[in-house]
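Protein sequences, first through last, are from chains A and B. The opening residue of the first sequence carries number 1 in this note's numbering; numbering runs sequentially from there. The opening residue of the second sequence carries number 1001 in this note's numbering; numbering runs sequentially from there. We put the CB at the ideal spot given by N, CA and C, even for glycine. Below is one structure, written out as structure tokens; the observations come after it.
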Amino acid sequence: MPKTKRKKQEKPNKYLAQGGFDVPFLIIVLILLTIGLVMLFSASYTYAYYNRGQSAFFFKRQLIFAIVGLFVMFVVSKIRYEYFKLLATILLPLSYLLLVVVLIIPPPPGYENFHRWITIPGFGTFQPSEVAKLGLILFLAWSIDKNYKAINSRQLSTAKFAVGFNQNKNSKIKIYSSTTYGLLYLFVIGSMCALVYLENHVSGTVLLFALGVMMLFLAGFDKKWFVIATVFVVVVSAFIILNPDKLPSHASYRINAWLDKDFDPRGVRWQTNQALYAIGSGGFFGAGLGNSKQKHLYVSEPQNDFIFSIVCEELGFVGATVIIILFMLLVWRGFVIAMRAKDRFGALLAMGLVFQVGLQAALNIAVVTDTIPNTGISLPFFSYGGTSLLMLITEMGMVLSISRYSRISKS
Amino acid sequence: MSNKPSKQLIQRAVVIMVVTCIIGFGAGFFGLINAQLINGEKYRQKAEVQQLSDKTINAERGTIYDRNMNILSQSANVWKVYINPSKIKKEEVKVDVTKGLCEILELEYDTVYKKASQSKYGYVSIKTQVENDVKLEVVEFIRANKGYNEIIGIDPDTKRYYPYMTFASTVLGFTGADDTGRSGLEYFYDETLTGVSGRIITAKNALQGDMPTKYESTYDAKQGTSLVLTIDQVIQYYLDKGLERAVTDFDASYGYGIVMDVKTGAILAMSTKPDFDPNEPYEVINPKVLESLEEIQDEEEKKKVLSDARYAQWRNRTISDTYEPGSVFKVVTAAAAIEENLVSDDEMFNCAGNIKIADRTYHCHKRDGHGTENFTQALMNSCNPVFVTVGQRLGVEKFFKYFEAFGFAETTGVDLPAEAAPAANVTYHTANKMGIVELSSSSFGQSFQVSPIQMINAVSAIGNGGKLMRPYIVSSMLDENKNTISVTSPKVKRQVISEKTASKVSEMMEAVATSGTAKNAYVAGYRVAGKTGTSQKLTSRGKYIASFSGFAPTNDPQIAILIVVDEPSSGVYTGGAVAAPVAAEVLEETLKYLNIEPQYTPEELARLDVKTPKLIGRTVPDAVKELKAKGFTVKTIGNGETVLNQTPAYNQVLPKDGLVVLYTDDKKETTKTKVPVLTGMSLAEVNRNAVAAGVNIKISGFTSGSDIVSYRQSVAPDTEVEMGTMVTISFKSNAGVSDLA
């Protein structure tokens, strides 16, 4: 019925997002995804041939997830992002559940000390910490949006334990709403970090912590806390670097290997050294696509965390710089979408999602270039991992959904 | 209340974006610049080093040929077994690999286990020089076990083979496990033989697999240069055989000798017995040493003795040892005196059995003296007083002039390692330090040391018309395609004495070898010139060195020979009795082998060998008639009319009065006879016994005198042979061969 059709076009749809999405953001995502897939194929084929018997093993799987992911991305971008708030309330408890489950079930063979993965038979593995990141971002975006005013005003807390203090005239302590929310958020962030840390997953812990702190910063809590937090992080980092032995053995080895460039060259230091050799071999213009020598089993698992070293070798300093710039553009465009978002929830969610991608990329590049200790962090759009790619693209779909309502010029 | 992002939110978002980009990506970008641009070259080189597999292709070591291109030493491809311990993940695999390899390669379990435990390494050699059949067993072992192909590997390796075992081993030397020469020619010409290793540089992945992008540059190996020796395999065999017999017969500690081409200085044969097998150079084969080794209980001492024995057996004594030449040296004194016109042909000397010089009395070996004799007779008798007298006439200056001229104060320069270097006033007296006493003893070859190669070279110079040659052993060098790349040309060092003097001395030496002390070196049909020597060892009393040196044929010398028998201890020890017969055997076989035309004396002609005619199929009277006409003795067996078989067969060489047996019946069996004892007899007795037993004899050695005695027969007594079989009998003389000073 044409009549109804017209009506629907005029009246905002209750479920579906309206308006065009931000094309530059999509283009950046598609460029990164394409380069990522090509580089994955180039980096992984020797390793795949030797370990899986077929050169395209990793590429094929990644490609399937990418195609499915793109489909999911467009679907998600059509959903009015207000509905993601519903997801926030579901995803947070689910994240906790998964983070606990992963600690209980036996880890995959060969990774006995790392409770990071849950295997879904016939599908593959996924990391609950990935779900937890999205869960945390969604929860904080939703909750901060809802309580933004309470956080940003000197309003007394109405929480049960606080009411007692606040109603007692003699009490010198007044508990403000901002304090209660702050403590709540810190508890959520802290408990998640603790669970992920128990997985023996330092990089996941660091990412979750950084995401949480950023969201709290955006929430408008007093700046002095963040100064204190920064000082705290610096002190802890310095302490860890000076006393690596206080950490679990797998992490302390990696810090030792970062501090001492001759540490266990055929063991812990092997991967980093090989990555550096690859980067060095690339030079300014690179060896050309497909011409990396280091990917021939020198860089172990070149399709995973250290794929950037192969990118550097094949595409050179020029290519690597272009990719860093692409990630920065993604962050920039994401923040533009966020800042011009229709509402606070959209802004917070978009910032959280884009920051997560940006931070992870920056940390990965720092790890591969031996600027920080090897933490086992993957490069978004590039590193092999079907489920995490699917989630990443889905999240980009969420950003696109938000962009439909942003006050930016649409082409 | 507005739901829009507040100003504060946007401000803080900008802060986060800037911080992320500057600190986060900034750190990564800084790391990138550092790793790719600042330290990039360093990392690139390190990457290249590990990616490029630089494989050495060993250049095949050159071959050593004798002068007729028989292979004396050759490298062959063998294999090297290695393991990659980093691929061994499980203890049971390690144990199984160790067990398997130990069994196949015959190694100690603990040693291999230790190697297999070096888990940080990717290449640990287990055994080198593995033969092909053993290698195949290893391949089978790898195939039978899954995953072992990543653990056990096989690389090419080379091994040196000496097909004739102990043959000329002290001359050839041997190579070590690293394919480099350790002694002999292998050592002396190591660089020439080695060639230039090639390299293959290929890009390899971390598992040493091939990369898809081909990068390969090959530098071809240049095969080592091959040597063609002057050594003649056949002559070397004759010399080896003679020396081996001498060592056994006279229970000597060593026998060594050289056969040399008089005209060029080329060494045709050079041998030290007992020696070693260069295929297994560390195995001691000297039975005497082995015996004494068994008696030693103390392990430490045993080790030391074993080590000494190894060095001893690798020693080329013809080059590295020195000895007092004794009477052989008299030819040098004689040559000097004749050259200086200090002795005339008709001059007569008188030997009273001793001569007094300063406060010393020199005895002649014949205590009651040789009486009146000319110079040739003095040499034949090896008369010391005469040579002391002649030495006095020469005086220190002239004596030393000839001593030097004949090359005794310098190395010969032969292309072999470890030639004994003469040391002034240690191994010999220089003119300014030589008193009358030293001069006297030196005149008859005592109180100084020479090396065997020096001695034969000096004697050879006399045979060569006075021209002293530089001895050499490599006649030419060949590249890998057997093209000659260099030829050694004979080098005359100097004219030591005139041709006239040389031929005079040669004639004197021929007299020595015909009826003097060296008559046991006589070879029927050939004119041999030579001189014997016997010297007492200074180090141990009662031990002697018996030697003979000479050349043949006298009128046109072709080959020179030196035989030294070190410490003969079976009772006889003089050069004439011990060394000369060996020389005779070697000379006879060698001269015949070299097709040097024999020159018979009438007496020899009478006994000259005749070839048997073809008789099979002819009638018996016809055959008998022909045989009789040729001087043969005939024995007919059976009553048939035609000859069905004959012994010896057609075209065999028999003495003129030899026995030919004719078979006329078609009975298959032939008539057998037992070889009688034919040693320790005179020529007449040997003849008698041989005819009685129905065997033919062939005579070898010195047979001209009345005092000759047979000392060896080629077929042992009591051996059952066909009637008419030929037995070679060696004769020598035991009288008048003493020359002990």
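Can you name the residues that DSSP bridges to residue i?
{"i": "residue 1733 of chain B", "result": "B/1708"}
{"i": "residue 1469 of chain B", "result": "B/1492"}
{"i": "residue 391 of chain A", "result": "None, per the DSSP bridge assignment."}
{"i": "residue 1224 of chain B", "result": "Bridge partners of residue 1224 of chain B: none, in fact."}
{"i": "residue 1647 of chain B", "result": "B/1661"}
{"i": "residue 1219 of chain B", "result": "B/1199"}
{"i": "residue 1254 of chain B", "result": "B/1566"}
{"i": "residue 1549 of chain B", "result": "B/1531 and B/1562"}
Indicate whether at least one CB of chain B lies closer than 8 angstroms to the CB of residue i.
{"i": "residue 317 of chain A", "result": "yes"}
{"i": "residue 281 of chain A", "result": "yes"}
{"i": "residue 400 of chain A", "result": "no"}
{"i": "residue 14 of chain A", "result": "no"}
{"i": "residue 114 of chain A", "result": "no"}
{"i": "residue 312 of chain A", "result": "yes"}
{"i": "residue 365 of chain A", "result": "yes"}
{"i": "residue 80 of chain A", "result": "no"}
{"i": "residue 294 of chain A", "result": "yes"}
Could you name the residues of the same chain whose beta carbon sits closer than 6 angstroms to that of residue i, not counting the 5 residues immediately before and after it, in chain order?
{"i": "residue 1358 of chain B", "result": "1436 and 1437"}
{"i": "residue 1693 of chain B", "result": "1673 and 1676"}
{"i": "residue 342 of chain A", "result": "405"}
{"i": "residue 209 of chain A", "result": "193"}
{"i": "residue 1363 of chain B", "result": "1354"}
So, for residue i: in the same chain, excluding its five sequence neighbours on each side, which residues have a beta-carbon less than 7 angstroms away from its beta-carbon?
{"i": "residue 93 of chain A", "result": "none"}
{"i": "residue 1262 of chain B", "result": "1460, 1463, 1464, 1551, 1557, 1558, 1559 and 1560"}
{"i": "residue 87 of chain A", "result": "138"}
{"i": "residue 1423 of chain B", "result": "none"}
Consider the Cβ of residue i: report whether some Cβ of chain A lies at a distance smaller than 8 angstroms.
{"i": "residue 1153 of chain B", "result": "no"}
{"i": "residue 1001 of chain B", "result": "Unreliable positioning characterises residue 1001 of chain B in this predicted model, as indicated by a pLDDT of 45, which lies under 50. The coordinate reading is nonetheless provided below. True, the Cβ-Cβ gap to chain A drops below 8 angstroms."}
{"i": "residue 1118 of chain B", "result": "no"}
{"i": "residue 1085 of chain B", "result": "no"}
{"i": "residue 1768 of chain B", "result": "Look at the range of chain B in this structure, 1001 to 1741, and you will see that residue 1768 of chain B is not part of it."}
{"i": "residue 1036 of chain B", "result": "yes"}
{"i": "residue 1132 of chain B", "result": "no"}
{"i": "residue 1039 of chain B", "result": "yes"}
{"i": "residue 1046 of chain B", "result": "yes"}
{"i": "residue 1174 of chain B", "result": "no"}
{"i": "residue 1016 of chain B", "result": "yes"}
{"i": "residue 1203 of chain B", "result": "yes"}
{"i": "residue 1113 of chain B", "result": "no"}
{"i": "residue 1088 of chain B", "result": "no"}
{"i": "residue 1043 of chain B", "result": "yes"}
{"i": "residue 1273 of chain B", "result": "no"}
{"i": "residue 1143 of chain B", "result": "no"}
Looking only at its chain, what residues have a beta carbon closer than 8 angstroms to the beta carbon of residue i, apart from the 5 residues adjacent to it on each side?
{"i": "residue 413 of chain A", "result": "Not covered by the structure: residue 413 of chain A. The range shown for chain A is 1 to 411."}
{"i": "residue 1119 of chain B", "result": "1085, 1086 and 1088"}
{"i": "residue 220 of chain A", "result": "148, 151 and 152"}
Touch test, the segment 22-32 of chain A against the segment 391-411 of chain A, Cβ-Cβ under 8 angstroms, three pairs minimum:
yes
Going residue by residue through the segment 1476-1546 of chain B, where are the continuous alpha helix (DSSP H) segments of at least 4 residues, counting only ones entirely within it?
1499-1515
Is there contact between the segment 371-379 of chain A and the segment 1021-1033 of chain B, where contact requires at least three CB pairs shorter than 8 angstroms?
yes
Every unbroken alpha helix (DSSP H) within the segment 104-169 of chain A, with a cutoff of 4 residues, ordered by chain
128-146, 148-151 and 160-167
Return the chain-ordered ranges of every alpha helix (DSSP H) run that is complete within the segment 1146-1174 of chain B and spans a minimum of 4 residues.
1169-1172
Please determine if the segment 1305-1314 of chain B and the segment 1341-1354 of chain B are in contact, where contact requires at least 3 C-beta pairs separated by less than 8 angstroms.
no
Taking three-plus beta-carbon pairs below 8 angstroms as touching, is the segment 1351-1366 of chain B in contact with the segment 1502-1510 of chain B?
Segments in contact, no.
Touching by the beta-carbon criterion (3+ pairs, under 8 angstroms), the segment 1419-1427 of chain B and the segment 1375-1389 of chain B
These segments do not touch.
Give a yes or no on contact between the segment 314-331 of chain A and the segment 355-362 of chain A, applying the rule of three or more CB pairs nearer than 8 angstroms.
yes
Can you list the beta strand (DSSP E) stretches of 3 or more residues lying completely in the segment 229-269 of chain A, in chain order?
none
Does the count of Cβ pairs from the segment 1186-1196 of chain B and the segment 1044-1063 of chain B closer than 8 angstroms reach three?
yes
Taking contact to mean 3 or more Cβ pairs, one atom from each stretch, closer than 8 angstroms, check whether the segment 1009-1021 of chain B and the segment 339-353 of chain A are in contact.
A contact is defined here as three or more CB-CB pairs under 8 angstroms, and the segment 1009-1021 of chain B meets this definition with respect to the segment 339-353 of chain A.
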